[in-house]
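Presented below is the structure to which this report refers.
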């Protein structure tokens, strides 16, 4: 068996383990949980108030619902996930599958996988329940099967380079002119992408302008490449690139389920552009004719003669022919749109979308490649002549639920594997987000002190009573008697006393600052996040721009002021998944002007990463005892 066959068959086994583990967790939760427990775990909303129904782009029916009970309690619903909306009660519960378009507070919009709105929506108590979504697993497995069998020499070449089975050559583009809007390392990355002949890596630490660099490179590539595919693991990242490319005047088309696309880029989607197409009126007329034929056919009752049966069959056949004609016209219009587009954007899984599954691309750009499962990353690579991987392996890793698959390497991304083995690697070295001291420890621990804070942000600060506040504050709760607590239902930790310290520090700061601040309050633990949301001053929320959420939810965001509540405080020095230092790198690098970390050094200080951070804070006079904020 060849290297290629061995490699991709092994990956397929890991995907199977992950899928099985994910499905088992879902089934266990669903079968072992009562209706009340499902609501408590955030898997179900019931009862619901139906705020709006209708038909959107593509004539897809939608429902906007609002939960009546359990408002503001935690839940697992999110844009892009699959869910059933159902009529509660009785054994023959009516239900309809849909995709969540958005969740905002207690309101959710579902785009339904049906031709029409269910007629039972007003018939009684309505609920919505999260579904297991195996679409991504199916796409990964299909792609891995293709990779095992393909004789495409380009795939073998990519794999040999990534695994260091042969050295990579570097190519320089002819006549490259640096952009005056980019710094030296960004221009070097653009130059490398322009000269790329196989695989190029752009390593973009927090705040270094990775998206700006990619957009500039992609815009230049449109002048020499006939067709470019730009992908990312998440819809949010794909939408951001779509928006930025469109702002630069690039003709970009967004492929994917309309329910998963942000409203800011809807005008670039296939469905929207189809609705604006000259053919759309004709397509709609044909579809209406098909509906009319069906309506006429269904007039016939069960008991009717041969002539009526013949007539009904003819009408149904005409309806079928009309639908085929409409689909053919739609496909022709969409093919023309994609042919005209300079750039196609989608998620990694979306690269197998039926509108582009047959296409090859000169260059495939994969953003946030260090957050993507390796099998998913190969989906667009299968379509590529050249590949650009962009991201940062020292930020959030992909989520892997199977411990067995994780130990066998599924959490290791393709970018992590390729990074030490390729010559064409380009580190972005200047960051534009945060004060130099906020950047300092991450720079030392993760990036070998290779990063520089741009002069425009290096001394960013908050003014407190007309004095410059320290950029980093570590508040040590050791010796205060604060103890972590475990909520059995969620198996997540929280620490009420630690939150009190955060509140007192924040309250004092808000009293003394004159400038408006954007504020983020982060914890690695969901239960602490929920506790803080439940107990924060409503007056603060009304008067200030304050967001409370998990580390994962803050990925890609930034605030003037960031608080991090570490939570863990115990006599065994157990810090759990605080050991995922990449998450802490994300958390610490969200702050622009001031970072405040609150935690118990007696618990975290035995860990090398946190001991190093403690020493760093002491070295810049940022260390404080929580006793300073105790009543």
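In the numbering used here, the protein residues as written are 4 to 634. Idealized CB from N, CA, C, for every residue including glycine.
1) Give the straight-line distance between the Cα atoms of residue 538 and residue 507, rounded to the nearest whole angstrom.
2) Per the contact definition of three or more C-beta pairs closer than 8 angstroms, is the stretch 349 to 365 in contact with the stretch 215 to 234?
3) Helix, strand or coil for residue 95 per DSSP?
4) Contact defined as beta carbons within less than 8 angstroms: I believe residue 529 pairs with residue 495. What is the distance between those atoms, to the nearest angstrom?
5) Just to confirm, is the Cβ distance from residue 57 to residue 89 under 8 angstroms?
6) Let me make sure I understand the geometry here. Which of 277, 101, 167 has the alpha-carbon closest to that of residue 420?
7) Could you pull out every unbroken beta strand (DSSP E) segment of at least 3 residues lying fully inside the stretch 425 to 461, listed in chain order?
8) I'd like the ranges of any beta strand (DSSP E) spanning at least 3 consecutive residues and lying wholly in the stretch 576 to 628.
9) Within the continuous alpha helix (DSSP H) that includes residue 248, where are the two ends?
10) To the nearest angstrom, how far is it from the Cα of residue 359 to the Cα of residue 341?
11) Note the first and the last residue of the continuous alpha helix (DSSP H) segment covering residue 317.
12) Measuring CA to CA, which of 330, 533, 416, 145 is closest to residue 394?
13) Expressed to the nearest angstrom, what Euclidean distance is found between the alpha-carbon atoms of residue 613 and residue 557?
14) Could you give the uninterrupted runs of the alpha helix (DSSP H) lying entirely in the stretch 457 to 522, keeping only those of 4 residues or more?
15) Looking only at its own chain, which residues have a Cβ that is under 6 angstroms from the Cβ of residue 601, when we skip the five neighbours before and after it?
16) Classify residue 333 as buried or exposed, calling it buried when 16 or more other Cβ atoms lie within 10 Å of its own Cβ.
17) Could you check how far apart the C-beta atoms of residue 476 and residue 373 are, in whole angstroms? I think they sit under 8 angstroms.
18) So who's on the other strand from residue 272, going by DSSP bridges?
19) Do residue 181 and residue 190 have their C-beta atoms closer together than 8 angstroms?
20) Skipping 5 residues on each side, what residues in its chain have a beta carbon closer than 6 angstroms to that of residue 173?
21) For residue 573, which option in 595, 586, 607 has the closest C-alpha, if you only look at C-alpha atoms?
22) Near residue 283, what residues of its chain come up, given a Cβ to Cβ distance below 8 angstroms and the 5 sequence neighbours on each side ignored?
23) Round the Cβ separation of residue 120 and residue 101 to the nearest angstrom and send it over; I've been treating them as touching at under 8 angstroms.
24) Helix, strand or coil, according to DSSP, for residue 30 in the structure here?
25) Tell me the residue span of the beta strand (DSSP E) that contains residue 568.
26) Along the chain, where does the alpha helix (DSSP H) containing residue 538 start, and where does it finish?
27) Specify, as a first and last residue, the run of the alpha helix (DSSP H) that residue 211 falls within.
28) Quick check on this structure: which residue in 73, 12, 78 has the alpha carbon closest to the alpha carbon of residue 532?
29) For residue 20, count the other beta carbons within 10 Å of its own beta carbon; 16 or more makes it buried, fewer makes it exposed. Which is it?
30) In three-state DSSP terms, what is residue 10?
31) Take the Cβ of residue 619 as the centre, count every other Cβ of all protein chains shown within 10 Å, and call the residue buried at 16 or more, exposed below.
32) Please list the terminal residues of the continuous beta strand (DSSP E) segment that includes residue 366.
33) Please determine if the stretch 454 to 466 and the stretch 404 to 411 are in contact, where contact requires at least 3 C-beta pairs separated by less than 8 angstroms.
34) Near residue 159, what residues of its chain come up, given a Cβ to Cβ distance below 7 angstroms and the 5 sequence neighbours on each side ignored?
35) Would you kindly work out how many angstroms separate the C-alpha atoms of residue 257 and residue 318, rounded to a whole number?
36) Check this for me: beta carbons of residue 82 and residue 238, under 8 angstroms apart or not?
A quick look at the data gives this:
1) 13 angstroms
2) yes
3) Annotation note: pLDDT 48 at residue 95 (below 50); position unreliable, coordinate value reported separately. Coil.
4) 5 angstroms
5) no
6) 167
7) 428 to 430
8) 594 to 602, 626 to 628
9) Going by DSSP, residue 248 is part of the alpha helix (DSSP H) stretching over 238 to 250.
10) One C-alpha to the other measures close to 8 angstroms.
11) 309 to 343
12) 416
13) Spanning the two alpha carbons is a distance of roughly 21 angstroms.
14) Listed in chain order, the complete alpha helix (DSSP H) runs (minimum 4 residues) inside the stretch 457 to 522 are 499 to 515.
15) 478, 501, 504, 505, 568
16) Buried, because 16 or more other Cβ atoms sit within 10 Å of the Cβ of residue 333.
17) About 29 angstroms separates the Cβ atoms of residue 476 and residue 373, ruling out a contact at the 8 angstroms cut-off.
18) 257
19) yes
20) 426, 427
21) The residue with the shortest Cα to Cα distance from residue 573 is 607.
22) 277, 336
23) Not quite, the Cβ-Cβ distance comes to about 11 angstroms (not below 8 angstroms), so this is no contact.
24) Helix at residue 30.
25) 562 to 568
26) 529 to 538
27) Looking at the DSSP string, residue 211 is not in any alpha helix (DSSP H), and its letter there is neither H nor E.
28) 78
29) buried
30) helix
31) Its Cβ being crowded by 16 or more others within 10 Å, residue 619 is buried.
32) If you look at residue 366, you'll find it in the beta strand (DSSP E) that goes 364 to 369.
33) no
34) 7
35) Straight-line Cα distance between these residues: approximately 37 angstroms.
36) yes
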